[in-house]
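> Chains as they are written, first to last, in our numbering: chain A, 1 to 345; chain B, 1 to 345; chain C, 1 to 345.
First, the structure itself, so that you have it in front of you.
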Amino acid sequence: VKLSEIADHLGCRLEGDGEVEIGRVSGIEDAGPGDLTFVSNPRYASALRRTRASAVILAGDALPAPPGCATLRSPTPYLSFGRAVRLLTRTDAPVPGIHRLADVEVSARVAADASVAAFVSVGRGATIGARTVIGPHVSIGPRVSIGEDCVIHSHVSIREDVVIGSRVVLQDGAVVGADGFGFARRPDGTYEKIPQPGVVVIEDDVEIGANTTVDRPAVGETRIRAGAKVDNLVQVAHGVNVGSNALLCAQVGIAGSTRIGNRVVLAGQVGVAGHIDIGDDVTATAQTGIPNSVEQGAVVSGYPAIPNRDWLRASAVFKRLPELKKAIADLEARLARLEQQLARR
Amino acid sequence: VKLSEIADHLGCRLEGDGEVEIGRVSGIEDAGPGDLTFVSNPRYASALRRTRASAVILAGDALPAPPGCATLRSPTPYLSFGRAVRLLTRTDAPVPGIHRLADVEVSARVAADASVAAFVSVGRGATIGARTVIGPHVSIGPRVSIGEDCVIHSHVSIREDVVIGSRVVLQDGAVVGADGFGFARRPDGTYEKIPQPGVVVIEDDVEIGANTTVDRPAVGETRIRAGAKVDNLVQVAHGVNVGSNALLCAQVGIAGSTRIGNRVVLAGQVGVAGHIDIGDDVTATAQTGIPNSVEQGAVVSGYPAIPNRDWLRASAVFKRLPELKKAIADLEARLARLEQQLARR
Amino acid sequence: VKLSEIADHLGCRLEGDGEVEIGRVSGIEDAGPGDLTFVSNPRYASALRRTRASAVILAGDALPAPPGCATLRSPTPYLSFGRAVRLLTRTDAPVPGIHRLADVEVSARVAADASVAAFVSVGRGATIGARTVIGPHVSIGPRVSIGEDCVIHSHVSIREDVVIGSRVVLQDGAVVGADGFGFARRPDGTYEKIPQPGVVVIEDDVEIGANTTVDRPAVGETRIRAGAKVDNLVQVAHGVNVGSNALLCAQVGIAGSTRIGNRVVLAGQVGVAGHIDIGDDVTATAQTGIPNSVEQGAVVSGYPAIPNRDWLRASAVFKRLPELKKAIADLEARLARLEQQLARR
Chain A
1 VKLSEIADHL GCRLEGDGEV EIGRVSGIED AGPGDLTFVS NPRYASALRR
51 TRASAVILAG DALPAPPGCA TLRSPTPYLS FGRAVRLLTR TDAPVPGIHR
101 LADVEVSARV AADASVAAFV SVGRGATIGA RTVIGPHVSI GPRVSIGEDC
151 VIHSHVSIRE DVVIGSRVVL QDGAVVGADG FGFARRPDGT YEKIPQPGVV
201 VIEDDVEIGA NTTVDRPAVG ETRIRAGAKV DNLVQVAHGV NVGSNALLCA
251 QVGIAGSTRI GNRVVLAGQV GVAGHIDIGD DVTATAQTGI PNSVEQGAVV
301 SGYPAIPNRD WLRASAVFKR LPELKKAIAD LEARLARLEQ QLARR
Chain B
1 VKLSEIADHL GCRLEGDGEV EIGRVSGIED AGPGDLTFVS NPRYASALRR
51 TRASAVILAG DALPAPPGCA TLRSPTPYLS FGRAVRLLTR TDAPVPGIHR
101 LADVEVSARV AADASVAAFV SVGRGATIGA RTVIGPHVSI GPRVSIGEDC
151 VIHSHVSIRE DVVIGSRVVL QDGAVVGADG FGFARRPDGT YEKIPQPGVV
201 VIEDDVEIGA NTTVDRPAVG ETRIRAGAKV DNLVQVAHGV NVGSNALLCA
251 QVGIAGSTRI GNRVVLAGQV GVAGHIDIGD DVTATAQTGI PNSVEQGAVV
301 SGYPAIPNRD WLRASAVFKR LPELKKAIAD LEARLARLEQ QLARR
Chain C
1 VKLSEIADHL GCRLEGDGEV EIGRVSGIED AGPGDLTFVS NPRYASALRR
51 TRASAVILAG DALPAPPGCA TLRSPTPYLS FGRAVRLLTR TDAPVPGIHR
101 LADVEVSARV AADASVAAFV SVGRGATIGA RTVIGPHVSI GPRVSIGEDC
151 VIHSHVSIRE DVVIGSRVVL QDGAVVGADG FGFARRPDGT YEKIPQPGVV
201 VIEDDVEIGA NTTVDRPAVG ETRIRAGAKV DNLVQVAHGV NVGSNALLCA
251 QVGIAGSTRI GNRVVLAGQV GVAGHIDIGD DVTATAQTGI PNSVEQGAVV
301 SGYPAIPNRD WLRASAVFKR LPELKKAIAD LEARLARLEQ QLARR
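This is the structure:
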């Protein structure tokens, strides 16, 4: 594809030779002739100077174009990068229809142009919407509803009564609707299972990562709101409500009945306690542990979570604790000497 | 169902109108007319005052019944709640027999009233007990033994020779009996796999969460004792022994050969080192890291884990470390002034 | 098997009765007559004195042989232990050929002596090498290449275009090649998916644990180099490069585009930020959080990660923070008294 056509497609300002043929999008370190690359992270400024790419997508006018490399200027370079990848990638066209080795209950309704792969199991009364693609080994329980244009990758488990919107992507091995972890202690110290017949709702445009688990509750619902993106190996417990356009990074865990606000960002391995409220636009840095509700807009870190600024300062002191301890001992010795001196006079 | 019948069934004391028809159990925030709800966490006392539920299960006499809402008094309200959910929930009756698209080796023995779903693979010499329900895509290895009244949800992997008791529940995607992480370093710095032919035993009444992994050891066994409950995405390494009625919350990780006592509670994302002993009735709060053995009954927090009381106090000081550092610097300056003053006299 | 034959096979020096028949390898606590056991961890020295094993593998000459127990002396006792386990364990011979209930696209090439189990799905143009064993319910995408002598356990997902070397072991439920977590924020605050068509390469002699996830990138590749061993429930994000003979323990998470050096050891639940470089031979202790690049050979701990020695010292002081705070307050009071005293003169 000619670079000038790509520029048109992306709505980017072209600087340099628009006639160059672009075959693929590459990372800044690996790019060679015929490649389009992109830089938005200033960490890669020096790599940009060395790049052998034919063209690069750059934010605004901050970074200079390297010599001999055409430039596409974009106010949203990461978006433009993604669209360029989409433009230049050939993808496997799904085969519409139900594979002969799938098992679909007669009462299930599957759109004619949906694609159902081998070894898919679809339960009684389930519905699968138009153009939705179901990969191999997906298990769809009774009465599950899946909207249009979804992509459900291999080995996903969708348990009974789960509701999935449109344009939802579930990566391989994700489990939606397993029983929440609810057990009541009997007087003899053993536990009795609390049944978990509540529903799980995954709204439109949500993506859920590989081997992530979203549990169903005893009562009410677990809900992931429109546009939220959930990475791999995340635990969303029973009765949790995740806000619109929230980002939950890998290995985050959210305990039961907690509300996560809209546009919240939880970095990797963050843990959130149950029955609390994380306000809109909160950010928690990696490995943060959040035991109590957090006001909207806060940026928190550490365990227990405190404002990120305080945590950064306290962490900087933490590693010097042995020095501080020694400083205190020194002060005590000096002070004792002074006290003796004064007492003697 | 009439409330008075529910009261009888649960053995609760009824206060108010026993004739009201109850259709479902709901969360305190969502409950409306015809709903039964429950409160045990005092966090929800104000929600209780506002509830539109027809009836509520309450602990003892601590909380007042809201006006116009009948009350079921229970010494164990969470247990009563669970039993009410069970009473009012219709569940899918499993279909006894082996699905035509299951693959069961001829030498396997499957109870006549067990239910084996589509795409289940059952290996040579495996046995499946009475009334056990095997969901779609479950893989059961050679010589596996599964007891009576178990529920094995979709996509569970049960590897060769694993022994599973009765009334065990395995949530979707759990893996029982994968090889432990055992590698010996060769003199050239590469690793050689230590074979892991040991067994895994899951005793009666255990529940294991979605996508949790329980590894088999090289020698001896990995064992989860009767009544223990394990949440999602937990790692139980080779040779670990989890005590009776222990609770392992989501994303807990336990390294090899460690013993977890009876009734231990490990909250979310706790990590436990290998080759140590966690005494009976120990509790570890969320994200605790336990590098050494812990005495029975202890409550521990932090990494490295210390008594919870000490950790709470130390954490409260942690965020004030920059102040402490400044206070020490101030003290040093003031002390230096005094020392000079005294030296001058 | 006679102990003397085992000694020959392992190349160990035999002390004691070589005629004793050994039936199995056991853990030091459980071993009885006819068992071979092993001790390298000095924690188990007292168990060694009590053992009822017929023979024990010991390192060098450090530990004395218990009375009545023959000894195999090995410079690498854990390696010798593993080889003894292999020698004495009967394993299930895989059945060569394609199971009648597998679904293999006609354009896929499967070696004649490979073994493909029930409910395996093999996509267009995939290749499976000699003697490779594919367990039940494995999903192999289009154009995937798998080398020789691999073992792919049940429920593994291998997505399109993934390249897997020889002698690779993938434990049950592992997901290789799911889409990386890449989303660009649109001006309206919603996210747009960045397509992730890049490749994943798993080199020779790698092992990947149960339910671990290795993501594919938008551009370039995710690569796990020869001989690296990855435990269960690990997250390897898009574009990560894991070095040769690295060890990633359970529940480790590595964010996007990070490079992990050769022979790096990340203990359980360690988290590593994106776009950084962990030098060769780095070790991070359990639960460490690494926000920045680490020089080769460093041993780091804590979050944010600092040198392990500093962290051990600082952690020892941490639990005494309330005392330090009190000591500072005491110093302030004493100093104020002195200052008053001097001012009065």
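All C-beta atoms, glycine included, are put in the ideal place defined by N, C-alpha and C.
Please read all numbers here as calculations on a predicted model, not as lab measurements.
Alpha carbon to alpha carbon, how far is ASP35 (chain B) from LYS2 (chain B)?
Near 11 Å, if we compare the C-alpha coordinates of LYS2 (chain B) and ASP35 (chain B).
> Got a sec, what are the start and stop residues for the beta strand (DSSP E) ALA193 (chain B) sits in?
A small correction: the amino acid at residue 193 (chain B) is Lys; Ala does not occupy that position in the sequence shown. Per DSSP, LYS193 (chain B) belongs to the beta strand (DSSP E) from 191-193.
> Would you say CYS12 (chain A) reaches chain C, if we count a Cβ-Cβ gap shorter than 8 Å as a contact?
Chain C contact via Cβ: absent.
> Looking at the secondary structure, which residues open and close the alpha helix (DSSP H) in which VAL294 (chain A) lies?
First-last for VAL294 (chain A): undefined, no H or E at that position.
> Ends of the beta strand (DSSP E) at ILE202 (chain A)?
Taken as a continuous stretch (DSSP letters only), the beta strand (DSSP E) holding ILE202 (chain A) covers 199-202.
> Could you list the residues in the segment 195-211 of chain A with a C-beta less than 9 Å from some C-beta on chain C, going in chain order?
Of all residues in the segment 195-211 of chain A, ASP205, GLU207, GLY209, ALA210, ASN211 have a Cβ within less than 9 Å of some Cβ in chain C.
> Please check if any C-beta of chain C sits within less than 8 Å of the C-beta of LEU266 (chain B).
No, no contact with chain C.
> Could you check which residue in A:ALA273, A:SER26, A:VAL294 has the C-alpha nearest to that of ILE306 (chain A)?
For ILE306 (chain A), the nearest C-alpha among the options comes from A:VAL294.
> Out of C:VAL106, C:SER46, C:PRO77, C:GLY68, point me to the one whose CA is closest to ASP61 (chain C)'s CA.
Comparing Cα-Cα distances from ASP61 (chain C) to each of C:VAL106, C:SER46, C:PRO77, C:GLY68, the minimum goes to C:PRO77.
> I'd like to know whether the C-beta of THR258 (chain B) is nearer than 8 Å to at least one C-beta of chain C.
No, THR258 (chain B) lies away from the interface with chain C (no Cβ there is under 8 Å from its Cβ).
> Rank A:VAL265, A:ASN308, A:SER80, A:GLY239 by C-alpha distance to the C-alpha of VAL199 (chain A) and give the top, closest one.
Among A:VAL265, A:ASN308, A:SER80, A:GLY239, the Cα nearest to that of VAL199 (chain A) belongs to A:GLY239.
> State whether the segment 251-259 of chain C contacts the segment 273-285 of chain C, with contact taken as three or more CB pairs (one from each stretch) at a distance under 8 Å.
The answer is yes - the segment 273-285 of chain C touches the segment 251-259 of chain C, with three or more Cβ pairs under 8 Å.
> Residues in the segment 131-156 of chain A with C-beta within 8 Å of chain C's C-beta atoms, listed in sequence order?
So the close ones are GLY135, PRO136, HIS137, HIS153, SER154, HIS155.
> Take every Cβ of the segment 168-180 of chain B, pair it with every Cβ of the segment 209-219 of chain B, and state whether three or more of those distances are shorter than 8 Å.
Yes, they touch.
> ILE6 (chain C) lies in the alpha helix (DSSP H); which residues open and close that run?
Taken as a continuous stretch (DSSP letters only), the alpha helix (DSSP H) holding ILE6 (chain C) covers 3-10.
> Starting from SER74 (chain C) and walking both ways along the beta strand (DSSP E), at which residues does that stretch end?
Start and end: 70-74.
> Would you say ASP277 (chain C) reaches chain A, if we count a Cβ-Cβ gap shorter than 8 Å as a contact?
No, because no Cβ of chain A sits closer than 8 Å to the Cβ of ASP277 (chain C).
> Using DSSP with H/G/I as helix, E/B as strand and the rest coil, what is PRO67 (chain C)?
Coil.
> State the Cα-Cα distance for the pair PRO67 (chain A) and ILE134 (chain C), rounded to the nearest angstrom.
Roughly 51 Å between the two C-alpha positions.
> Round the Cβ separation of ALA53 (chain B) and GLU15 (chain B) to the nearest angstrom and send it over; I've been treating them as touching at under 8 Å.
Incorrect: roughly 14 Å between the Cβ atoms, too far for contact.
> Where does ARG49 (chain A) land, buried or exposed, given buried means 16+ other C-beta within 10 angstroms?
It counts as exposed.
> Helix, strand or coil for VAL214 (chain A) per DSSP?
Residue state, collapsed to three classes: strand.
> Shorter than 8 Å from the beta carbon of THR213 (chain B) to some beta carbon of chain A?
Closer than 8 Å: no.
> Starting from ILE224 (chain B), follow the beta strand (DSSP E) in both directions and report where the run begins and ends.
ILE224 (chain B) -> beta strand (DSSP E) spans 221-224.
> LYS326 (chain C): buried (16+ other C-beta within 10 angstroms of its C-beta) or exposed?
Exposed.
> How about the segment 73-90 of chain B and the segment 182-198 of chain A: do they share at least three Cβ pairs that are nearer than 8 Å?
At 8 Å Cβ cutoff, the stretches touch.
> Whose CA, out of C:VAL163, C:HIS137, C:ILE328, C:GLY27, lies closest to the CA of PRO154 (chain B)?
Per the sequence presented here, residue 154 (chain B) reads as Ser, with Pro not at that position. Out of C:VAL163, C:HIS137, C:ILE328, C:GLY27, C:HIS137 has the C-alpha closest to the C-alpha of SER154 (chain B).
> Using the rule of at least 16 other Cβ atoms within 10 Å of the residue's Cβ for burial, across every protein chain shown, is ALA316 (chain A) buried or exposed?
With fewer than 16 other Cβ atoms within 10 Å, it is exposed.
> Can you pull out the residues from the segment 222-238 of chain C whose beta carbon lies closer than 7 Å to at least one beta carbon of chain B?
Of all residues in the segment 222-238 of chain C, GLY227, LYS229, ASP231, ASN232, LEU233 have a Cβ within less than 7 Å of some Cβ in chain B.
> Within this structure, are the beta carbons of ARG223 (chain B) and GLY189 (chain A) separated by less than 8 Å?
In this structure, GLY189 (chain A) does not lie closer than 8 Å to ARG223 (chain B) by Cβ.
> With a threshold of 8 Å between beta-carbons, can ILE98 (chain A) be considered close to chain B, or not?
Not an interface residue.
> Please confirm whether LEU79 (chain C) has its beta-carbon closer than 8 Å to some beta-carbon of chain B.
Yes, because at least one Cβ of chain B sits closer than 8 Å to the Cβ of LEU79 (chain C).
> Taking just the CA atoms, how far does ALA45 (chain B) sit from SER4 (chain B)?
So the alpha carbons of these two residues sit roughly 24 Å apart.
> Within the 8 Å Cβ cut-off, does ASP280 (chain B) reach chain A?
Not an interface residue.
> Expressed to the nearest angstrom, what Euclidean distance is found between the alpha-carbon atoms of LYS229 (chain C) and CYS12 (chain B)?
C-alpha separation (whole angstroms): 55 Å.
> Rank A:ARG73, A:VAL300, A:ASP179, A:GLU332 by C-alpha distance to the C-alpha of LEU266 (chain A) and give the top, closest one.
Here the closest residue by C-alpha is A:VAL300.
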